[in-house]
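These notes concern the structure reproduced below.
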Amino acid sequence: MSDQTLTLTPNIPGADDFYAELLAAHEGLDKAASDALNARLVLILANHIGDRAILSQALAAAAPNQKD
Amino acid sequence: MNKIFEIPLYAYARSADQDAATPARHRVVVVGAGPIGLGAAIDLAQQGIEVLVLDDNDKVSFGSRAVCYAKRPLEILDRLGCGKPMVDKGVEWNIGKVFFDERQVYQFDLLPEDGHEFPAFINLQQYYFEEYMVNRVRELQQAGAPIEIRGRNRVLKVEEKGDHAAILVDTPEGQYGLEADWLIACDGATSPIRAMMGLDFVGRVFEDNFLIADVVMEAEFPTERWFWFDPPFNRGQSALLHKQPDGVWRIDLQLGWDIDKEEEKKPENVIPRLKAMLGDEVEFELEWVSIYTFQCRRMETFRKGRVLFAGDAAHQVSPFGARGANSGLQDTDNLVWKLKLILDGTADEALLDSYDFERIHGADENILNSSRSTDFITPKSEISRVLRDAVLDLSEQYEFARPLVNSGRLSVPCTYDGSPLNSADALDGPARSRPGSPCPDLPLGDGYLLPRLGDRFTLLTINAEAPDEIEESGITVTRLALSTADDPTGMLQARYLGDAPSGVYLIRPDQHVAARRPAYDDTQIRAAIRRAIGKEQ
Numbered sequence: 012m013s014d015q016t017l018t019l020t021p022n023i024p025g026a027d028d029f030y031a032e033l034l035a036a037h038e039g040l041d042k043a044a045s046d047a048l049n050a051r052l053v054l055i056l057a058n059h060i061g062d063r064a065i066l067s068q069a070l071a072a073a074a075p076n077q078k079d
Numbered sequence: 461m462n463k464i465f466e467i468p469l470y471a472y473a474r475s476a477d478q479d480a481a482t483p484a485r486h487r488v489v490v491v492g493a494g495p496i497g498l499g500a501a502i503d504l505a506q507q508g509i510e511v512l513v514l515d516d517n518d519k520v521s522f523g524s525r526a527v528c529y530a531k532r533p534l535e536i537l538d539r540l541g542c543g544k545p546m547v548d549k550g551v552e553w554n555i556g557k558v559f560f561d562e563r564q565v566y567q568f569d570l571l572p573e574d575g576h577e578f579p580a581f582i583n584l585q586q587y588y589f590e591e592y593m594v595n596r597v598r599e600l601q602q603a604g605a606p607i608e609i610r611g612r613n614r615v616l617k618v619e620e621k622g623d624h625a626a627i628l629v630d631t632p633e634g635q636y637g638l639e640a641d642w643l644i645a646c647d648g649a650t651s652p653i654r655a656m657m658g659l660d661f662v663g664r665v666f667e668d669n670f671l672i673a674d675v676v677m678e679a680e681f682p683t684e685r686w687f688w689f690d691p692p693f694n695r696g697q698s699a700l701l702h703k704q705p706d707g708v709w710r711i712d713l714q715l716g717w718d719i720d721k722e723e724e725k726k727p728e729n730v731i732p733r734l735k736a737m738l739g740d741e742v743e744f745e746l747e748w749v750s751i752y753t754f755q756c757r758r759m760e761t762f763r764k765g766r767v768l769f770a771g772d773a774a775h776q777v778s779p780f781g782a783r784g785a786n787s788g789l790q791d792t793d794n795l796v797w798k799l800k801l802i803l804d805g806t807a808d809e810a811l812l813d814s815y816d817f818e819r820i821h822g823a824d825e826n827i828l829n830s831s832r833s834t835d836f837i838t839p840k841s842e843i844s845r846v847l848r849d850a851v852l853d854l855s856e857q858y859e860f861a862r863p864l865v866n867s868g869r870l871s872v873p874c875t876y877d878g879s880p881l882n883s884a885d886a887l888d889g890p891a892r893s894r895p896g897s898p899c900p901d902l903p904l905g906d907g908y909l910l911p912r913l914g915d916r917f918t919l920l921t922i923n924a925e926a927p928d929e930i931e932e933s934g935i936t937v938t939r940l941a942l943s944t945a946d947d948p949t950g951m952l953q954a955r956y957l958g959d960a961p962s963g964v965y966l967i968r969p970d971q972h973v974a975a976r977r978p979a980y981d982d983t984q985i986r987a988a989i990r991r992a993i994g995k996e997q
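For the protein sequence lines, the chains are A and B, in the order given. Each number in my numbering corresponds to the 1-based position in the first sequence with 11 added. Each number in my numbering corresponds to the 1-based position in the second sequence with 460 added.
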């Protein structure tokens with residue numbers, strides 16, 4: 012069990028740079044290749060986090076209709 | 461030369477029951493002489509219970525069918541007196557390779573834990589498996605045990621009568637009636653008895669088909685499990701190559717659900733597929749080919765009065781993970797000692813509720829694991845395929861992704877957590893031997909622990925005093941006294957004590973832990989014995 016909670020406040024220094032890097036990673040890729048990249052990225056990040064409770068919170072936060 | 465599966469091993473012979481004026485009554489009738497039915501019958505006969513096995517055939521399994529046997533079932537088979545010939549004949553393997561598309565993405569080693577008498581897995585054709593069990597039946601008969609197999613005795617009708625089951629049997633010489641105090645239906649995935657009694661399956665249903673081929677070849681392939689995701693020779697599907705004894709290779713090719721089974725089975729369609737897989741230069745001979753359809757589901761309850769269901773008759777899983785025959789043997793391992801206590805009048809029929817609880821728990825675990833494997837192997841949506849392929853791609857380069865690859869989670873024994881037969885865990889010991897767990901094996905003197913437990917209630921004491929024998933509610937519990945002073949491998953300490961200085965384990969006849977405590981406590985142990993036979997809440 013984790014006592015951590017998912018960070019949902021700004022946490023990435025240089026947010027614009029990161030976002031540009033994320034878009035750049037997809038540049039020139041077709042839909043299938045982009046989807047595959049996203050899938051690999053999710054798996055790599057999830058493994059880095061490694062905390063099952065945080066991952067469940069992240070899945071809930073990302074789910075559709077979570078407007079609050 | 462005839463193959464073993466072409467020779468009648470229990471040919472039809474007329475029985476006196478066929479000429480009886482009224483149906484003959486038997487204590488237990490087992491329907492089906494497959495691995496599970498024979499396992500149940502041998503176990504019963506070893507415990508002195510009269511048992512009759514009926515089978516609609518007279519030969520062992522045609523073709524290899526169930527090929528992969530795990531450690532726990534081998535331990536059970538050893539208790540039944542036929543584990544060692546299976547290990548001697550079987551092929552042991554530890555290395556698995558995973559291929560994706562045209563390339564190998566990684567390989568794994570099962571790295572079996574030391575200090576177990578039996579290997580993690582062996583591969584053995586089901587016909588050998590059944591032959592060794594039939595040999596064991598013959599051996600028991602020689603020794604005067606009350607066990608009989610009747611070949612070409614097909615069950616036409618079963619009626620549950622409250623205190624017995626009435627059975628109508630068809631033979632080459634006509635029909636006859638039988639009665640059984642208890643009937644164990646081990647009549648396979650299509651269980652005619654289940655159908656006759658109108659007991660249907662519940663749970664998630666899906667269907668897939670596999671082309672299963674036994675191929676004889678002199679090939680350089682090593683003794684490894686090779687699994688392909690989406691290979692060029694079977695696009696969009698999976699494939700498995702596994703070695704069996706006698707130079708026979710087992711090949712499973714997934715076909716999907718919407719196929720023409722008769723067409724796919726024809727050699728002119730099978731051989732090109734196999735050539736594409738093995739390479740044109742490999743010489744091979746097709747020994748057996750079959751289409752296997754599976755579903756993942758189970759019966760709502762494994763008992764209907766005096767009729768009990770075990771093995772594939774009660775539950776079905778996908779072939780990934782070797783959870784079919786392996787879990788069926790754990791069913792009868794769980795069932796037979798309970799049935800014996802009931803037949804002896806020591807326990808009430810209510811004890812069988814725990815068969816349902818414990819083995820449904822096992823079946824659900826198997827169905828969960830095999831459904832997850834199936835979801836990985838056969839992605840059901842575009843995004844699940846994208847994620848699956850991402851895992852496989854990453855697994856080639858990064859170790860972290862390999863545990864996510866699911867080509868079948870190989871069968872491990874079930875721990876009966878929450879069973880009504882368990883007493884609360886009173887020892888601060890290792891989780892692996894908590895109440896409900898199958899006892900982990902370990903070296904003991906010149907042998908191993910599990911054969912010392914046998915098939916009776918045992919009180920295992922480690923660095924603890926206790927009576928050598930306890931009589932409680934008709935049960936005799938015999939002590940097995942061990943000490944960590946005589947534990948050169950340290951495995952007794954590690955597997956049964958952990959950080960605790962001493963321990964007392966009450967172990968059931970199926971070698972599962974019923975209770976454990978730091979020291980002997982007469983009141984608590986007696987309560988635990990009663991609880992383990994369903995006589996105390």
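Glycine included, each C-beta is placed from N, C-alpha and C at the ideal position. All values derive from a computational prediction rather than experimental measurement.
So what does residue i bridge to, in DSSP terms?
i, result
"Thr918(B)", "Thr938(B) and Ile967(B)"
"Arg977(B)", "Val964(B)"
"Lys544(B)", "Its beta-bridge partners do not exist; DSSP assigns none."
"Met759(B)", "Phe661(B)"
"Asp668(B)", "Phe754(B)"
"Met677(B)", "Phe744(B)"
"Ile467(B)", "Bridge partners of Ile467(B): none, in fact."
"Val1029(B)", "Residue 1029(B) lies beyond the range of chain B shown here (461 to 997); nothing can be said about it."
"Tyr566(B)", "Val558(B)"
"Val708(B)", "Val676(B)"
"Ser698(B)", "Phe689(B)"
"His821(B)", "Per DSSP, none; premise fails for His821(B)."
"Val615(B)", "Val629(B)"
How would you list, in chain order, the residues of chain A whose beta-carbon sits under 8 Å from the beta-carbon of residue i?
i, result
"Phe568(B)", "Per Cβ cutoff of 8 Å: no residues; Phe568(B) is ~18 Å from chain A at best."
"Ala861(B)", "Leu54 and Asn58"
"Leu828(B)", "Simply none; closest approach about 17 Å."
Strictly below 8 Å CB to CB, what residues from chain B border residue i?
i, result
"Arg51(A)", "Ala850, Asp853 and Leu854"
Grab me the residues of residue i's own chain with a C-beta within less than 6 Å of its C-beta, minus the 5 sequence neighbours each way, in chain order.
i, result
"Arg695(B)", "none"
"Asn613(B)", "Leu514, Val629 and Thr631"
"Lys875(B)", "First, the residue type needs correcting, since residue 875(B) is Thr and not Lys in the sequence shown. Gly896 and Ser897."
"Glu678(B)", "none"
"Tyr587(B)", "Ile464, Phe465, Val520 and Ser521"
"Tyr30(A)", "none"
"Ala473(B)", "none"
"Glu856(B)", "Val565"
"Asp712(B)", "Phe670, Ile672 and Leu700"
Below 8 Å on the Cβ atoms is my contact criterion, and I expect residue i with residue j to pass it. Report the Cβ-Cβ distance as a whole number of Å.
i, j, result
"Leu616(B)", "Gln635(B)", "7 Å"
"Ser787(B)", "Gly765(B)", "About 23 Å; that fails the 8 Å criterion."
"Asp808(B)", "Gly994(B)", "6 Å"
Tell me which residues share the same chain as residue i and place their Cβ nearer than 7 Å to its Cβ, disregarding the 5 neighbours each side in the sequence.
i, result
"Val618(B)", "Ala625, Ile627, Leu643, Ile653, Met656, Met657 and Val767"
"Pro579(B)", "Lys531, Val547, Glu552 and Pro572"
"Gly784(B)", "Ala526, Asp772 and Val777"
"Asp28(A)", "none"
"Asp569(B)", "Asn554 and Ile555"
"Lys800(B)", "Gln507 and Ile509"
Mind pulling the chain A residues with CB within less than 9 Å of residue i?
i, result
"Leu847(B)", "Ala50, Val53 and Leu54"
Kindly list, in the order they appear in chain B, the residues whose Cβ is closer than 7 Å to that of residue i.
i, result
"Ala47(A)", "Val846, Asp849 and Ala850"
Between which residues of its own chain and residue i is the CB-CB distance below 8 Å, once the five residues before and five after are set aside?
i, result
"Thr683(B)", "Val551, Glu552, Trp553, Ile555 and Lys703"
"Pro880(B)", "Asp813, Ser814, Phe817, Arg991, Gly994 and Gln997"
"Asp888(B)", "Gly958, Asp959, Ala960 and Pro978"
"Met461(B)", "Caution applies to Met461(B), whose pLDDT of 41 falls short of 50 and renders its modelled position unreliable; the model cannot decide the point."
"Lys725(B)", "Leu671, Val749, Ser750 and Ile751"
"Gln506(B)", "Leu540, Gly541, Leu600, Ala605 and Asp915"
Take every Cβ of the region 900 to 912 of chain B, pair it with every Cβ of the region 940 to 949 of chain B, and state whether three or more of those distances are shorter than 8 Å.
yes
Would you say the region 590 to 603 of chain B touches the region 497 to 505 of chain B, given that touching needs at least three Cβ pairs under 8 Å?
yes
Contact between the region 619 to 632 of chain B and the region 558 to 566 of chain B is defined here as three or more beta-carbon pairs at a separation below 8 Å; is this criterion met?
no
With contact counted as at least three CB pairs below 8 Å, one residue from each stretch, are the region 471 to 489 of chain B and the region 66 to 73 of chain A in contact?
no
Flag this pair as touching only if the region 808 to 820 of chain B and the region 844 to 854 of chain B have three or more C-beta atom pairs under 8 Å; answer yes or no.
no
Are there three or more Cβ pairs, one per stretch, closer than 8 Å when the region 463 to 471 of chain B is compared with the region 59 to 68 of chain A?
no
Counting beta carbon pairs with one atom in the region 981 to 990 of chain B and one in the region 924 to 935 of chain B, are three or more of them shorter than 8 Å?
yes
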